[in-house]
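Chains as they are written, first to last, in this note's numbering: chain A, 44 to 480; chain B, 727 to 1391; chain C, 16 to 346.
A short worksheet on the structure shown next.
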Amino acid sequence: MTAAESGTREKIYEVDELTRVEGEGSLVLHVRKGKVLEARLRIFEAPRYFEQIVVERTPDEVIDIVARICGICPVAYQMSAVHAFEDLFGVKVDPEVRALRRLLYCGEWIESHALHIYLLHLPDFLGYDSAIALAHDDRPAVERGLRMKKIGNRILEILGGRPIHPVSVRVGGFSRAPRRADLEPLRAPLAAALEDAKETVKLVAGLTAPEFEREPRMVALHHPKEYPYNHGHIQSTDGVDLRPSDWDRAFREVQVEGSMALHARTKDGATYLLGPASRITLDAEQLHPIARELLAETGMADAIRTNIYWSVLARAIELTHAIAEAIDIVDGYRPPIESRVAWTPKSGVAAWSTEAPRGLLFHRYEIDGRGRVSAAQIVPPTSQNQGAIEDDLRRFAPRIIDLPDDEATLRLEQLIRSYDPCISCATHFLDVRILRD
Amino acid sequence: MMTIEVTRPERTTTAGRWYLERAGLDALVAALREDGRTVIGPTVADGAVVLAEIHSSAEMPHAVGDVQGPGRYRLTKRDDARVFGYVVGPTSWKRWVFPPDVELSTGRRTGHRVEFAPTASHPTKLAFVGVRACELAAFGVQDRVLDAGPFRDADYAARRESAFVVAVQCTTAELTCFCTSMGTGPEVEHGFDIALTELDEGFLLDVGSPAGQELVDGKLASALRPATPVEVYTAAADVAATRARIGDPLPTAGLHDRLLAQLDNPRWAQVAERCITCGNCTLACPTCFCTSVIQKTDMEGIAATNERAWDSCFSPGFARVAGGSFRSRPRDRYRQWLTHKFGTWWDQFGTTGCVGCGRCITWCPVGIDVREELMAIAPPVALSPEPIRVEPVAASFNDFVVAQVVATRQETADTVTLTLAGADPAFSKGNLGQFAMVAIPGFPPLPISISRFTVDGIELTIRGAGPATKAMTALKVGDQLGLRGPLGNNWPIERAVGRDLVIVSGGIGLAPLRPVIHALAADRRRFGDVRLYYGARTPADILYREEMERWASRGGIEVHLTVDRAGPEWEGRVGVVTQLFDQATWEGANAIAFVCGPERMMQATANTLAGRGVTPTRIFVTLERHMECGIGLCGHCQMGKYFVCRDGPVFSLLQLGDTFGREGI
Amino acid sequence: MAAMAHPTEHGHGGHAHSNEHGHAARGGTPRPRVAVVKFASCDGCQLTILDLEDLLLELSEHFEIVDFPEASSARSNGPYDVLFVEGSVSTPDHLRRIGELRKQARVLVTIGACATSGGIQALRNWADHDAYRAAVYPTPEFVESLARATPIAEHVPVDFELRGCPISPDQLVELLTALVTGRRPQLRDEAVCMECKRRGVVCVMSAQGIACLGQVTQTGCGAICPRMGRGCYGCFGPREQANAAGLARYLQASGERSAEEVGQLFAGFTAYSEPFRSTITDLGGTRGARRTGGAGHVAGGAYPPPGGAATGRASYLPGRPRMEGIDDDGR
């Protein structure tokens, strides 16, 4: 970072390359006389044209392709896509397939949240460059994080062949469903991971976060009976309530000058926040009892809602939830009668939203008469959060302009990391709707 | 034509023959399990009948049939309740007697010290339920390859020995079956403990061994009753019908010679257009035995584990040595596989490599049918060579003996001679031209020629070219390494007695000839004129320079040198080694020649020597091939009818015939 | 650095290698300096490094991770003993950076399908990029993107490559171990089929009629697709001498598949590697590219060298991975 001073009270903070976020981005904050002139999160990611690459591909091919948008949350991309197709084609999957898909998502959440908390975010709070540096002083903590991350990956591997870009998700179910015995090796490490997760909640609840109160508009899926992964309605703290296929009735994408990504706004142009803090705020009642109880014990539900730094705690609570739910699913698993039901494609619009670890992920595909994609729109959580991040930067900046540069930088980076931005996801900018205009 | 003899005794008597109800099959499985055996049998999984551990007969297929063709396998539903109503599936019993991945040994390297420890094999007692006639024949072939000498795979032998075999007569056949042509079935005749023939409601049971008899008299007795004549006749008729259904899809008379006469047939290139060289045929084959060893090390570089895995002559690295692969083209690999399986296997093992099970046809993903290729390439004539019979000795991949470096000598910039002591006493009986497998934990063991025999050890002259040889040339006095050997055959120096000897050598190829020169210098009177022609890349690359001067001055050996490139200080010859003697005056009629160097140099030398009148029976070359086991068990160095490691590395031109210098053999 | 494996012997002449850092690998002496950089990619391959949960902390004892922005705020501009490169060259900036990075790296390792083959984004190489970009993006001037997404080896010499989308953790560990112990990594270059057979996986092509690229695809994944009951989609790229044309012919002849459908099978994560590339082109190009007005074949010509003598050398073209070069021990 550089903080170039021109005149007495003008500073431009630039963080050239954000670290410990997935992908590449930079931050420009332009402050004059205590007033923020500009706060901009830039994305360096090279365009990869995913919405164009899926054109003319079949639904099952699309599931393989869109996973490659993000190596951190490939399951999320597969899930939004597979549910979009199944919703349009009227596919009814076996209830055990539905449970296995939740288990798959549990695996990704566990892996992603453990990674973020221990390897990316905790070093910030404790003043280290990296988890490896942190491990010099507190190896047990880092090992705890790695243990949980590993069991998350193990779930993905058993269900999908490998942790990154698993291969078994297909329209209609799975190419192969595990036998009961295949899940057996998960039991003992999951039980141990639950204790690790509880320990994690204690650890992060005891951290010190900067004071930073605000009340963003929050958006997440909500399901009356379960913590949201694949199903529920899109709800917000100000009354939005939509089917997961109908995201574009309340939200739209705008192109921001100078950025390679599209940002999302509500139809009235407002920014909004997705992710763990929003889900905890909107869906706390649906948490697994173990996680719900832990949240209550911390007494910090309101802090999670109003201070983005506490998203680390939201993540720890969700980590506990995902592990506890994974245990329940493994315990109750019976192999599906049909791991993959037959289906026939239909033309029309296939759209769905699911909850990626970092928030709501919306996919929309137009399917032609031969069952192939003719147009696609993918709205990842990070591009939806980007407006809220910049709002927060603008609001937060006055608090740090008097700090020494190093500390100011650290605080800014830490703030951005609180959103767990997955920048490689945010780099879709091919809006096929525009193509048709 | 088979070594697995097909006799046809009268099988219609009812004496000593039993009937087992279908439900009684479970008693058989239970009895075998009670005997402490892991029972392997057919089960249905992933759209095929696969062999897997079974705990009861309920896990076995019921009312399942199959349809097979080139590149195609489908399960069908049968109208009856038969348990064995299909033919062989994708798995073969090889998986249990010769597992796909085995840890062979571990090694450690701490400071100067090295240690090698063979990994103990403790196979559980096995029982195989549902072995078909062609698969019994496959055991026979594997026994010959792995357990009948001259070297023995002890792990295979132990697993095979432990297995109780419940054979099943084939009462059905598929288009891919050709056991009748290979003389291996469909009748189960011997090599089993119990044999079953499935009837509508149960099985006719025959006893084939004392162990089988014991089971029939004991645990199985209550499930059996004597078979009726109708049952016996029905069983025989069903098997006979199977034979009739198969017919004789591959006339095999004279296949060996016919096939080997067709090494230049254009069909090899044509089939290579279709063949993907994926290796499926070889790994599905119940007799293919080729393996490779992978070394795994820890990050400290101290501990290493050697794991043996199934490999295939279709894999790109299989015949690879420094400088390239001996079979770089897909057509070479397909020809290698087919000519070995149906041809040179006979020369090596006195048996066919093919048992006619048809797996390579069904599981070829692009549906290549070996029978069709064979008939196109080599329509049959009658001839069958003599089988080789040798006594087995125990040996393994693993028994490295630690030796210590007691002296090192830098021969050239990249070449070092290591003097080793404390090696296996077997080396003291070693012969001229033999080699040792040399290992440093963490690196792949390499075949290295022995360049001198000393009183209590050997010398190795090694050129540091890759990481493993560089690690060897970097060894210091006091360091240890592992040796296995001496391996291979030797230069036939006794045949040079009373003759002129011509030694032609290039580069590092002088190393295996050095013991020859030492030996004849020690007993010089017995030989005629001895001439050494040696070529090196540059004057600085000339090996054993001081010794060479002694050979010339005191040993009575004419030494002629040439180099590829030289500076002004070099006063000798420049050019290829054959130029050294193509103008010479000596006559070749009474000469014998030992040649070692790059293969292309050896070919050129052989041609020049032949031109000077040296007969091919007296021109000897030593061949380089990719070697891992050194004892003819891993398959890498297979070349025509030879394993270069075991039958060579020294061959006469007559032995090699037109395989010498031919691309892709 | 004495113990570190050298790249293939015929090396990369003309490059300034800085050996003054990190001599000798173990025992209190400096550890090899490692950096991880990315170009156009999903981050999954570098995440695989973090996914070595059991080994991650041990690794940090053998290697000094000096630049790995995804995992650490500590940064370094080089030189590096080992540089892992993820992603394909897809923007003008990438073109500039890869040449610079090569000069800083003693050993350069490409990781994953994007870096070794161009990745899924290389499917745009069959399309008309300008039309593509202008048609879909309202303000294309913000979009810095090259017409073709290309593998790293098309631009600079590569010492080792790890295939896969994503790379295999086992192969990564093998490479790291080989680097630190000074031996050659043992990475099989055989077909995926071999792994299926060793593991006892029933062939999905023979037993279910599913199109599978396992025969022409390099092993390393553990045959996960056939194990999961589906056909291999080639994410480890073509193996040595892959007979893709032969497989394509068989798939058309045997399975009632059109040339177009067969072409789509190869048009995946390693589509731009030969011989998959020419197989796709021979079968009519990609469906998606044709729809958006692409020529259906890949434009010829390499990029101008980014100041490096080695750029564009035939031996560094995709499909000729350096890893497969054999060493002088014959292994």
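Yeah, the Cβ is synthetic: ideal placement off N, Cα and C, and Gly gets one too.
Check, Outcome
"Beta carbon proximity, C/ALA162 to chain A, threshold 7 Å", "no"
"Contact list for C/GLU73 against chain B, beta-carbon separation under 8 Å", "MET1025"
"8 Å contact criterion, which C/CYS57 and A/ILE112 should meet: CB distance rounded", "6 Å"
"Neighbour list for A/PRO206 in chain C, Cβ cutoff strictly below 7 Å", "ASP66"
"Closest by C-alpha distance to A/ASP411, when choosing among A/ALA293, A/SER382, A/LYS389", "A/LYS389"
"For A/LYS310, the three-state DSSP class (helix, strand or coil)", "coil"
"Enclosing alpha helix (DSSP H) for C/PHE175 [first to last residue]", "Counting along the chain, C/PHE175 falls outside any alpha helix (DSSP H), though it belongs to the beta strand (DSSP E) covering 175-177."
"Residues, ordered as in the chain, of the segment 80-97 of chain A that lie near chain C by beta-carbon distance below 9 Å", "PHE87, GLU88, ALA89, PRO90, ARG91, TYR92, PHE93, GLU94, GLN95, ILE96, VAL97"
"Extent of the continuous beta strand (DSSP E) to which C/ILE113 belongs", "Careful: C/ILE113 lies outside any beta strand (DSSP E), inside the alpha helix (DSSP H) at 107-119."
"Coarse secondary structure for A/LEU246, derived from DSSP in three states", "helix"
"Min CB distance C/MET220 to chain B below 7 Å", "yes"
"Heavy atom of the ligand FMN within 6 Å of A/MET191 beta-carbon", "Ligands in the displayed structure: none, and consequently the ligand FMN is not present."
"Secondary structure, beta strand (DSSP E): runs of 3+ residues fully inside the segment 1288-1343 of chain B", "1317-1322"
"First and last residue of the uninterrupted alpha helix (DSSP H) at A/PHE439", "424-443"
"Amino acids of chain A, ordered along the chain, whose beta-carbon sits closer than 7 Å to that of C/ASP96", "Here the premise fails: no neighbours, minimum Cβ distance about 17 Å."
"Strand pairing of A/TYR161, partner residues [DSSP]", "Its beta-bridge partners do not exist; DSSP assigns none."
"Residue closest to B/THR1023, alpha-carbon to alpha-carbon, out of B/ALA1278, B/PRO1167, B/PRO912, B/GLY1339", "B/PRO1167"
"Contacting residues, own chain, Cβ-Cβ under 6 Å from A/LEU158 (five flanking each side not counted)", "LYS192"
"Expected contact under 8 Å - CB spacing of B/ARG1250 and B/GLY1281 to nearest Å", "7 Å"
"Check whether C/GLN223 and C/ALA206 have beta carbons under 7 Å apart", "no"
"Residues that B/ALA1010 contacts on chain C, provided the C-beta gap is smaller than 7 Å", "LYS212"
"C-alpha distance - B/ILE1357 paired with B/CYS1371, whole-angstrom precision", "6 Å"
"Element boundaries [alpha helix (DSSP H), containing B/PRO955]", "955-972"
"Selection from B/VAL1092, B/GLY944, B/CYS1007, B/GLU1099 that minimises the alpha carbon distance to B/THR978", "B/GLU1099"
"Sequence-distant residues of the same chain with beta carbon closer than 6 Å to A/ASP463, five excluded per side", "HIS159, ARG401"
"CB contact below 7 Å: A/ASP484 versus chain C", "An answer regarding residue 484 of chain A cannot be provided, because it is not within the stretch 44 to 480 covered by chain A."
"Where A/LEU163 falls, given that 16 or more other Cβ within 10 Å makes a residue buried", "buried"
"Candidates C/ARG139, C/MET209, C/GLU76, of which the one nearest B/SER1018 by Cα", "C/MET209"
"Any chain C beta carbon closer than 7 Å to B/VAL1092", "yes"
"Within 7 Å of chain C by C-beta, residues of the segment 243-254 of chain A in sequence order", "none"
"Buried or exposed (CB count within 10 angstroms, at least 16 for buried), A/HIS179", "exposed"
"Contact list for C/GLY270 against chain A, beta-carbon separation under 9 Å", "None at all; the shortest Cβ gap to chain A is about 16 Å."
"Contact the segment 237-250 of chain A vs the segment 405-421 of chain A: 3+ CB pairs below 8 Å", "no"
"Where B/CYS905 falls: helix, strand or coil (DSSP)", "helix"
"B/LEU1380 - DSSP class collapsed to helix/strand/coil", "helix"
"Cβ neighbour criterion (16 or more within 10 Å) applied to B/THR802", "exposed"
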